[in-house]
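Undergrad:
Residue numbers (the working numbering): 25 to 275.
1) Are the CB atoms of residue 68 and residue 54 nearer to each other than 9 Å?
2) DSSP three-state label for residue 271, please.
3) What first and last residue would you give for the alpha helix (DSSP H) that runs through residue 247?
4) Could you check where the alpha helix (DSSP H) with residue 185 kicks off and where it finishes?
5) Near residue 91, what residues of its chain come up, given a Cβ to Cβ distance below 7 Å and the 5 sequence neighbours on each side ignored?
6) Using CA coordinates, which residue listed in 198, 141, 93, 130 is at the minimum distance from residue 155?
7) By DSSP, does residue 151 sit in helix, in strand, or in coil?
8) Between which two residues does the beta strand (DSSP E) holding residue 222 run?
9) Opposite residue 131 in the DSSP bridges: which residues?
10) Go through its chain and collect everything with a Cβ distance to residue 27's Cβ below 8 Å, but skip five positions before and after it.
11) If you drop the 5 nearest sequence neighbours on each side, which residues of the same chain put their C-beta closer than 8 Å to that of residue 267?
12) So, at 6 Å on beta carbons, what are the nonlocal neighbours of residue 168 in its own chain, with the 5 sequence-adjacent residues on each side left out?
13) Between which two residues does the alpha helix (DSSP H) containing residue 65 stretch?
14) For the stretch 168 to 183 against the stretch 209 to 220, do three or more pairs of beta-carbon atoms, one drawn from each stretch, fall closer than 8 Å, so that the two count as touching?
15) Around the C-beta of residue 270, are 16 or more other C-beta atoms found within 10 angstroms, so that it is buried, or is it exposed?
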C-alpha cells in the first residue's frame with residue numbers, strides 16, 4: 025500500500041530546471057494513485073498534456089537493446105555538502121556546483137539525485153526494488169538523466185548517509201552540518217549503459233531528455249529498501265510505449 029503523504033500545494037517536479045530540482049510546477053496536485061495518479065496527469069493541467077499526448081515518454085521497458093559503439097560517459101563528480109529535501113514525491117539530494125558528465129562532446133552539470141520505489145525502468149519486463157535518477161542539465165537547457173538500478177544485497181554506504189539524515193518535514197531543504205556526499209560512490213564499477221530518448225517521468229513530462237541507464241545494478245540492503253518505503257513505497261510511473269524508439273546498449 026502506498027504510504028500516505030500529503031502533497032505540497034506547490035509541487036516540486038522531479039527533473040526540474042532549477043538548481044534544486046529538475047523542473048518546477050506551481051499548479052495542480054499530482055501523485056501516484058487515484059484521480060491524481062499517472063493515468064490522469066495529462067488531464068490535471070494544460071501544461072501536463074504531454075503526459076498523455078507525448079510520443080517519447082519515460083520510463084520504458086528496456087528490452088531488445090541494440091549493441092552500439094556509444095561514447096563513454098565521462099563522469100566528473102566532486103564531493104558536495106549534503107542538502108536534502110522531501111519534496112512530497114521523493115527524497116532528493118540537491119548537488120552543489122562543479123560536478124558534471126560529458127557525453128558525445130557535450131557537458132551536463134549535475135543538479136540532483138532522487139529515488140523511486142520500485143524502479144521506474146524495467147529490464148526485460150522486470151522491475152528492480154528501487155532506482156536512482158541522477159539529473160543533469162547543459163548550458164543550453166537540455167536534460168540528461170543517468171539511471172542507476174538497485175537490487176537487494178549488502179548495505180549501501182552512500183544511501184545510508186542519506187537515509188540517516190532524511191528530513192522530518194516535507195517541502196524544506198535541509199543542509200546537514202559537516203556531512204558531504206560523493207555521487208561517484210553510488211555508481212556501479214562497470215560503466216556500460218542503455219541509451220534512449222525520453223522525457224521527465226513526472227509532470228509536465230517534458231520530452232527531449234537524454235536517458236542513460238547503467239546496465240549493472242548496485243546493491244542496497246533490505247532494511248534500506250524498507251526505510252525508503254516508509255516514505256514512498258510506490259512513486260514510480262508505469263512504463264510508456266516506445267513508439268518506434270530504439271534502445272541501444274554500449275559495447
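Positions of the beta carbon are idealized from the N, C-alpha and C atoms, including for glycine. Only a predicted model underlies this, so the values are computations on that prediction, with no experimental measurement involved.
TA: On the basis of the coordinates in this document:
1) For the purposes of this step, residue 68 is identified with residue 44 of the chain shown, where counting begins at 1. For the purposes of this step, residue 54 is identified with residue 30 of the chain shown, where counting begins at 1. Contact flag set, yes.
2) On the chain shown, position 247 is the one that residue 271 refers to. Three-state result, residue 271: coil.
3) Sequence index remark: in the chain shown, residue 247 carries index 223 (1-based). First-last of the alpha helix (DSSP H) with residue 247: 246 to 255.
4) For the purposes of this step, residue 185 is taken as the residue at position 161 of the chain shown. Its alpha helix (DSSP H) spans residues 181 to 187.
5) Translated into positions along the chain shown, residue 91 becomes position 67. Result list for residue 91: 273, 275, in chain order.
6) Position 131 of the chain shown, counted from the start, is the residue given in the question as residue 155. The shortest C-alpha separation from residue 155 is found at 141.
7) The residue given as residue 151 occupies position 127 in the chain shown. Here residue 151 sits in coil by DSSP.
8) For the purposes of this step, residue 222 is identified with residue 198 of the chain shown, where counting begins at 1. Per DSSP, residue 222 belongs to the beta strand (DSSP E) from 217 to 223.
9) For this step, residue 131 is matched to residue 107 along the chain shown. According to DSSP, which records beta bridges pairwise, residue 131 is partnered with 126.
10) In the chain shown, counting from the first residue as 1, residue 27 sits at position 3. For residue 27, the predicted structure reports a pLDDT of 37, less than 50, and the residue's modelled location is therefore unreliable. The matter cannot be settled from this model.
11) Translated into the one-based positions of the chain shown, residue 267 becomes position 243. Hits under 8 Å: 79, 80.
12) The residue labelled residue 168 in the question sits at position 144 within the chain shown. Answer for residue 168: 132, 160, 234, listed in chain order.
13) Counting from one through the chain shown, the residue named residue 65 turns up at place 41. Run containing residue 65: 65 to 68, per the alpha helix (DSSP H) assignment.
14) The answer is yes - the stretch 209 to 220 touches the stretch 168 to 183, with three or more Cβ pairs under 8 Å.
15) As a first step, residue 270 is located in the chain shown; it is residue number 246 there, counting from the start. Under this definition residue 270 is an exposed residue.
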